[in-house]
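Numbering (my numbering), first residue to last: 2 to 337.
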């Protein structure tokens, strides 16, 4: 315990004890006054008061130690709420009993509200999950109809339909990230397999926008969750395609330290916007000018990466391009 904290505790203890100390002084004063008025021997009264003072000084350290023990126990409970709420010290006074009753009542209210919130979250999750699966049916039907005729107009409509499908999946990902339920499956996966899934999904857009993709198999395994890592890579590729002009290039590489880097030759990010691109709802100058950015893609990437214990960051030069880096390395684990 720090010196300043010790003095502060002793000051609070004496302040709480001050009414009893004042009462003792008052009683001593009454005895002294009666002794003076009736001419009684002062030695007897002083001797009695002295004995009372000795008893008080003898009891005081034990009382202070008991007070300090209760204080430390309450601090421990405070730091470990709500796990130790039922381990509060037994109330010694009616005031302490009242405070304990208030704490228990607040705990009941909190538990009720937590249950209600979890129920509401689950209902919302169930609704939007059903909605996503239902809306995918007409999207799939529209894709089949557009693929029937190989025309330029159908290609443009297919690209817009692809964007709609992305936003639908983003809704579900947003809800899953905000949910208290966990659907993560951590295993060692082949990174090339995950990358190829993302590349296959965006291949039509690369062809349509005439963007060159530079990628060679990396032959690396990573400890991660396949579904969420795939989501992160898809969002990064989506931004690369969106902000890279025709005849541009997107390059996928992995460093020896297992840092996945996706680099494009797009419009880049303004220096003043770069520190905030992973914030929720932030679109930056280029996003506002494009009027197509939702401000959620990179935010979801950051949130998902943190849950996977992957670090993500960006480097960019306006007019030259952007590199998004994702650290997929893991610390080696050994048996002690």
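Don't be surprised by glycine CBs; every beta carbon is placed ideally from N, CA and C. Remember, predicted model here, so these are calculated numbers, not experimental data.
- The C-beta of residue 58 has fewer than 16 other C-beta atoms within 10 Å across all chains shown, which makes the residue exposed.
- Here residue 165 is exposed, its C-beta having fewer than 16 other C-beta atoms within 10 Å.
- Pairing residue 320 with residue 269 gives a Cβ-Cβ distance under 8 Å.
- Close CB contacts of residue 14 within its chain, under the 7 Å cut and outside five residues either way in sequence, are with 65 and 68 (chain order).
- Three or more beta-carbon pairs separated by less than 8 Å are not found between the region 187-202 and the region 152-162, which leaves the two stretches without contact.
- Residue state for residue 310 is assigned as coil, using DSSP reduced to three classes.
- Straight-line spacing of the CA atoms in residue 148 and residue 169 works out to 21 Å.
- Only exposed fits residue 132, as fewer than 16 other CB atoms lie within 10 angstroms of its CB.
- Apart from sequence neighbours up to five positions away, the residues of its chain that approach residue 202 with a beta-carbon distance below 7 Å are 235, ordered along the chain.
- Here DSSP, grouped into helix, strand and coil, assigns residue 254 to strand.
- In the DSSP assignment, the residues bridged to residue 214 are 251.
- Contact between residue 271 and residue 209 does not hold, since their C-beta atoms are separated by about 27 Å, which reaches or exceeds 8 Å.
- In the DSSP assignment, residue 315 is bridged to 325.
- Between the alpha carbons of residue 21 and residue 78 lies a gap of roughly 29 Å.
- A direct Cα-to-Cα measurement between residue 238 and residue 196 gives close to 10 Å.
- In this structure, DSSP gives residue 208 a helical state, which the three-state scheme calls helix.
- A residue is called buried when at least 16 other Cβ atoms come within 10 angstroms of its Cβ; residue 35 does not meet this threshold and is exposed.
- For residue 261, the enclosing beta strand (DSSP E) has its first and last residue at 260-265.
- In this chain, the beta strand (DSSP E) harbouring residue 190 covers 187-191.
- Bridge pairing for residue 225: 188 [DSSP].
- In this structure the region 275-284 does not lie against the region 210-227, because fewer than three pairs of beta carbons, one per stretch, are closer than 8 Å.
- The distance from the Cβ of residue 251 to that of residue 263 is about 7 Å, consistent with a contact at the 8 Å cut-off.
- Looking only at 134, 312, 135 and 162, the smallest Cα-Cα distance to residue 146 is reached by 162.
- Beyond the five residues adjoining it in sequence on each side, residue 247 comes within less than 8 Å, by CB distance, of 210, 211 and 212 in the same chain, given in chain order.
- Straight through space, the alpha carbons of residue 99 and residue 129 are spaced by roughly 45 Å.
- In this structure, residue 309 sits away from residue 171, with a CB-CB distance that is not shorter than 8 Å.
- Scanning its chain for C-beta atoms nearer than 7 Å, with the 5 sequence neighbours on each side dropped, one finds no residue around residue 188.
- A straight line joining the alpha-carbon of residue 280 with that of residue 303 spans about 9 Å.
- Distance from residue 267 to residue 323 at the Cβ level is roughly 6 Å; contact confirmed, criterion being Cβ atoms closer than 8 Å.
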